[in-house]
Amino acid sequence: MTTQYWQEEIETLPRPGLESIQLTRLRKVVERVFRTVEPYRRKMKEAGITPEHITSLDDLALLPFTLKDDLRQNYPFGMFTVDMSEVVRVHASSGTTGKPTVVGYTRADIELWADLMARALVCGGATTGDMVHNAYGYGLFTGGLGAHYGAEKLGATVIPVSGGNTKRQITIMVDFRSTVLLSTPSYALNLADAMAEMGIDPESLALRVGIFGAEPWSESMRTEVERKLSIKAVDIYGLSEVIGPGVAMECLDSSGGMHVFEDHFLPEIIDPVTGAVLPPGEKGELVFTALTKEAFPVIRYRTKDICRLFYETCRCGRTLVRMDKVTGRSDDMLIIRGVNVFPSQIEHVLVGTDGVEPHYRIIVEREGALDKMTVEVEVSDSLFSDEIKELEQLRRRITHDIKDILGVTCRVQLVNPRSITRSEGKAQRVIDRRHI
Amino acid sequence: MRVEQIAVFLENKSGRLAEIAEILAEAGINIRALSVADTADFGILRLIVDKVSEAEAALRAGGFTVGKTNVIAVEVPDKTGGLAMVLKAIRETGLNVEYMYAFVNKTGENAVLIFRFDEMDRAIEALQAEGFTILRSSQIYNL
């Protein structure tokens, strides 16, 4: 199969050419926000930076970061660069941790977004002949409308089915012969389970590809959804602050990772603590600068998502840098004796240990000058032994595996099943009792 | 020849034993014998009770991790040297005791030794060959 591109020239452009385009666009956007957006101007002045200081891509590191908090403080439209008469649409994040963040689009932004989303769909294997079943929610959330415009731009047929009403979705999927499914990966699993209940064999569907995003998902989830729906599952990344879906996309013939559409969104990986830019290949927090958007171009926006960037050319021929799956959020990162620890890493160890429930709690305390981490693990009936030595062995094994992966020694404490509070929504996995 | 024993995982938190005792009391369960094995971080409570399945269900419902194990109950006269006799016989067979505990029955004439061996079948054979009385479950639950 030959690789299909939406914009072949830019997607396969050798890096020097790409970087030259990025620099031109970066200088323009920095100049524009400095001139039109008071919060950007103030922060740059405080840092002693003017647009003239940006003469190479490395100079990006001179610019101050933009945080979600900056957007909140300027709620709702304070960070827009254009007059509201030029804004044709707004979207907003759900605002689970405060006021929602609002983003705006000019007519050209909507065009750009559709173009990038079409690029993403083609990258994921969609064509003009496809029947695109768009089960992302339509509304303030960017997922539904973002994907919708992209699929129309591509020239595929869009079914704007949105979220919910699973049985009707399945009927439509069967009757309309949907070929491409756009949804969250967990909703795809939902659909698969409902199909099984309705006695519908996924093999009988026309479904070929699933493009899944808007929430973190693991490789084991990919295997599961591919098996259950008999499709190829690919990963899409985006966030409303940058544009919405269509920031990065995994290709169908991937050698791993998602291509970042870096001709429009310049990515960096930083140390979430010091803010220093990390070399290629290192894991850290993903930061984006939107180079070409009109109404709402973020500068060095900290996504809080933890991943790596790698620059090797992909099997598909695209030169665009790839990011791997997001493995955690810098907001739940802990620093234990100078080592960065993500709760997801501990979860990974527990999921791989027979008989242990994947419910855990991390407690961090400080004894003298030393951080002490305790991991509480629930003992299930299947794992329980009436012999001390076997429970001790299990404890040692978990301690050893955590040390192996994190490089930090912790104390593993076995606790009763269901004694760790189950999360409703966001899990309270970490209790930090250090007073620093 | 085997007796069912209930083992309960004990978190290292105050009040756990009291909680278990209350659950069993409410379920109308009589404890025949018990022992606690503990480390710095957790413990295991081992119980011989009159109604095994009811006790297991009640404790599970109370949120405890429960396991069932087979043990052997050996009856010896409650007099000096009673335990030594049994242990001597066991040592000669080369069997390994994983753990043991003991109690004296109501009449005070006999002591009951609860054993968990690495090889249970061989232990039963060996003890019987030496002429020891091994109690059946019905005997011990109704002591």
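Sequence lines, in order, name chains A and P.
So in my numbering, spot 323 of the first sequence is number 337, and the numbers just go up one at a time.
So in my numbering, spot 93 of the second sequence is number 96, and the numbers just go up one at a time.
Glycine included, C-beta positions come from ideal geometry on N, C-alpha and C.
For residue i, which residues from the same chain have a beta carbon less than 7 Å from its beta carbon, with the 5 sequence-adjacent residues on both sides left out?
i        : result
Gly66/P  : none
Arg121/A : Val102
Trp20/A  : Ala132, Arg133, Val136
Pro28/A  : Thr333
Gly92/A  : Pro53
Phe428/A : For the sequence presented, residue 428/A should be read as Leu rather than Phe. Closer than 7 Å at the Cβ level, and outside the excluded window around Leu428/A, lie Val391, Val393, Leu405, Arg409.
Glu296/A : Ile283, Arg322
Leaving aside the five residues before and after residue i along the sequence, list all residues of the same chain whose C-beta is less than 6 Å from its C-beta, in chain order.
i        : result
Gly224/A : Leu195, Ala202, Ile245, Ala247
Glu438/A : The predicted position of Glu438/A is uncertain, since its pLDDT is 46 and thus under 50; no value can be drawn from it.
Tyr315/A : Thr80, Glu255, Phe302
Asp267/A : Arg329, Cys330
Glu52/A  : none
Gly11/A  : Since the first residue shown for chain A is 15 and the last is 450, residue 11/A is missing from the structure and cannot be characterised.
Val44/A  : Pro65, Ile68
Ile445/A : Ile377
Closest to residue i by CA distance: which of the options is it?
i        : options                                : result
Glu282/A : Thr327/A, Leu77/A, Lys59/A, Val47/A    : Leu77/A
Arg443/A : Val365/A, Glu361/A, Gly157/A           : Glu361/A
Met145/A : His162/A, Glu33/A, Arg351/A, Leu305/A  : His162/A
Gly85/P  : Asn73/P, Thr68/P, Val107/P             : Val107/P
Asp285/A : Met347/A, Gly271/A, Ala262/A, Val335/A : Met347/A
Leu50/P  : Asp400/A, Glu211/A, Gly382/A, Thr171/A : Asp400/A
Pro101/P : Pro80/P, Glu78/P, Thr72/P              : Checking the sequence, you will find Glu at residue 101/P rather than Pro. The shortest Cα separation from Glu101/P among Pro80/P, Glu78/P, Thr72/P belongs to Thr72/P.
Thr193/A : Asp215/A, Thr237/A, Asn148/A, Pro199/A : Asn148/A
Val422/A : Val355/A, Arg448/A, Leu397/A, Glu381/A : Val355/A
Thr367/A : Ser396/A, Lys339/A, Ser344/A, Gly382/A : Ser396/A
Phe45/P  : Lys417/A, Phe398/A, Asp415/A           : Phe398/A
Ala10/P  : Glu308/A, Glu326/A, Leu405/A           : Leu405/A
Ile23/P  : Thr136/P, Asn113/P, Lys109/P, Glu59/P  : Glu59/P
Gly342/A : Arg39/A, Met187/A, Arg236/A, Glu299/A  : Glu299/A
Pro431/A : Leu62/P, Glu128/P, Ala76/P, Met88/P    : Leu62/P
My assumption, with CB atoms under 8 Å, is that residue i sits in contact with residue j. Please give the rounded CB distance.
i        : j        : result
Glu390/A : Ile377/A : 7 Å
Ile434/A : Val363/A : About 16 Å; that fails the 8 Å criterion.
Gln36/A  : Leu280/A : 6 Å
Gly158/A : Gly151/A : 5 Å
Leu48/P  : Leu37/P  : 7 Å
Ala76/P  : Ile32/P  : Going by Cβ atoms, the distance from Ala76/P to Ile32/P rounds to 18 Å, so no, they are not a contact pair.
DSSP beta-bridge partners for residue i?
i        : result
Ala36/P  : Ile51/P
Pro114/A : The partner list for Pro114/A (beta bridge, DSSP) is empty, contrary to what the question assumes.
Asn73/P  : Glu7/P
Gly298/A : Cys321/A
Ala106/A : Val116/A
Val422/A : Paired residue(s): none; Val422/A is not in a bridge.
Gly46/P  : Leu13/P, Asp41/P
Gly252/A : Pro259/A
Leu196/A : Asn148/A, Ile225/A
Ala247/A : Gly224/A
Val389/A : Ile376/A, Val426/A
His273/A : Met263/A, Arg336/A
Phe279/A : Ala304/A
In chain order, what residues of the same chain lie with their CB nearer than 8 Å to the CB of residue i, ignoring the 5 residues before and after it?
i        : result
Met103/P : Leu116, Ile117, Phe118, Arg119
Phe275/A : Leu130, Arg133, Ala134, Gly260, Val261, Ala262, Met263, Leu334
Lys167/A : Ala128, Asp129, Met131, Ala132
Val239/A : Pro199, Ala202, Leu203, Ala206, Gly224, Phe226, Ile245, Ala247
The ligand COA and residue i: does any heavy atom of the ligand fall closer than 7 Å to the residue's C-beta?
i       : result
Gly85/P : Of ligands this structure carries none, so the ligand COA is not represented either.
_Contiguous beta strand (DSSP E) assignments of at least 3 residues, all confined to the segment 98-128 of chain P_ = 100-107, 113-120
_Every unbroken beta strand (DSSP E) inside the segment 321-356 of chain A [3 residues or more]_ = 348-350, 353-355
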